[in-house]
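Written out below as structure tokens is the structure these notes cover.
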Amino acid sequence: MQIREGWISGGRTYLSVRTARKVAVTDPHEAWLIIPGEGPYTTVLMATEARVLLSVPLGDNSHPYPYSQTELVNRLMAEPSSSRSGLGYDLSFDGKGQVTRLQSLYTS
């Protein structure tokens, strides 16, 4: 998935998302190449207890590490909009369509 923007309103976290493809890159090191989607973005709500795992370039490490939803939004929105299209995420949803787990993909 791609995330165009994130925001917090009324104490809840919202994300504007659309599908994207990820392709494994193994040379010179293992990472993901994100192929941006072309469809419209959809707004989704994150569950209150959703787990957020970030890795480089949005996080500080090459391995996924837990962050708060507020840190996710702050780091995401600090990225230039042109850079956000190259970032990718794996999202898990519950039966209500809320994001229960978000993991950024390591990209180089």
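Be aware that the sequence shown starts at 30, since it is given in my numbering, and climbs by one per residue. A virtual CB, placed ideally from N, CA and C, is assigned to each residue, including glycine. Please read all numbers here as calculations on a predicted model, not as lab measurements.
Close Cβ partners of residue i (< 6 angstroms) along its chain, the five nearest in sequence each way excluded
| i | result |
| --- | --- |
| Leu101 | Val81 |
Pairwise C-alpha distance: residue j and residue i
| i | j | result |
| --- | --- | --- |
| Glu67 | Leu74 | 21 angstroms |
| Ser121 | Ser97 | 16 angstroms |
| Leu131 | Ala79 | 7 angstroms |
| Asn90 | Arg104 | 14 angstroms |
| Gly126 | Ser112 | 27 angstroms |
Distance CB(residue i)-CB(residue j) smaller than 8 angstroms
| i | j | result |
| --- | --- | --- |
| Ile63 | Ala49 | yes |
| Leu83 | Pro93 | yes |
| Ile37 | Thr99 | yes |
| Thr72 | Tyr43 | yes |
| Met30 | Arg41 | no |
| Glu59 | Met106 | no |
Given residue i as reference, the closest of the options once Cα atoms are compared
| i | options | result |
| --- | --- | --- |
| Gly124 | Thr42, Ala76, Pro86, Thr55 | Ala76 |
| Gly115 | Gln127, Asp56, Pro95, Leu87 | Leu87 |
Nonlocal neighbours in the same chain, by C-beta distance under 8 angstroms from residue i, ignoring five residues either side
| i | result |
| --- | --- |
| Trp61 | Lys51, Val52, Ala53, Val54, Gly117, Leu134, Tyr135, Thr136 |
message: Restricting to runs no shorter than 4 residues, where is the alpha helix (DSSP H) found entirely within the segment 76-120?
response: 98-107, 110-113
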